[in-house]
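*Asks:* Have a look at this one before I ask anything.
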Amino acid sequence: MFNPNVLLGNSIGQPALAASIQLLARIALAAIFIVSGWGKLSDYAGTMAYMQAMQVNSSLLPLVIFAELGGGLAILLGFQARVAALGLAIFSVLTAVLFHVGGSDATAQYNNSIHFMKNIGLAGGFLALLLLLGAGRFSIDHLLERNEHSK
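Residue 45 in my numbering sits at position 45 of the sequence shown, with consecutive numbering throughout.
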């Protein structure tokens, strides 16, 4: 009997394909944080005003930008990917709780619920992919680990 799950599992088990999929997943996970961090840096004053309106201490903005840009770049490059993945998973959950709960009307509540679940999904992706599996063959982590084992 044809089982597409088995077919995919066997295909993905090929090292080159698995490494390519891990790279694509890192790019997808990193993109939202790099773009978001750059947006906050580009509109620093506007982001501070938004944080104040949400009753979040705007002095945390440099840390937020560092988390998004630094964490996103670390994921993209596969550098300290497990540490970055754990940090961005926690950051995603905190952001969901602080910024995406409730709303002033039904539309705002609906939009916030979508963003809340997106952040929870991102956290799950970081935990499942990077924390458990690492960055993969196409990463700085892999190069560093390979050099460490060759000593």
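The C-beta atom is built at its ideal place from N, Cα and C for all residues, glycine as well. Remember, it's a predicted structure, so these values are computed and weren't measured experimentally.
Determine the closest residue to Val64 out of Arg82, Lys151, Ile90 and Gly78, with distance taken between C-alpha atoms.
*Replies:* Position 64 of the sequence shown, counted from the start, is the residue given in the question as residue 64. When each option's Cα is compared against that of Val64, the closest is Ile90.
*Asks:* Write down the C-beta distance between Ile120 and Leu76 rounded to the nearest angstrom, noting that I regard them as a contact closer than 8 Å.
*Replies:* For this step, residue 120 is matched to residue 120 along the sequence shown. For this step, residue 76 is matched to residue 76 along the sequence shown. Going by Cβ atoms, the distance from Ile120 to Leu76 rounds to 22 Å, so no, they are not a contact pair.
*Asks:* From Phe138 to Gln80, what does the alpha carbon distance come to, in whole angstroms?
*Replies:* In the sequence shown, the residue the question calls residue 138 occupies position 138. In the sequence shown, the residue the question calls residue 80 occupies position 80. Using only the alpha carbons, I get a separation of about 13 Å.
*Asks:* State buried or exposed for Thr107, treating a residue as buried only when at least 16 other CB atoms are found within 10 Å of its CB.
*Replies:* If you number the sequence shown from 1, residue 107 lands on position 107. Exposed.
*Asks:* Can you tell me which of the three DSSP states Asn119 falls into?
*Replies:* Taking the first residue of the sequence shown as 1, we reach residue 119 at position 119. In this structure, Asn119 counts as helix in the three-state DSSP scheme.
*Asks:* If Ser150 and Leu122 are in contact, beta carbons under 8 Å, what's the gap, nearest whole angstrom?
*Replies:* The residue given as residue 150 occupies position 150 in the sequence shown. The residue given as residue 122 occupies position 122 in the sequence shown. Wrong, their Cβ atoms sit about 35 Å apart, outside the cutoff.
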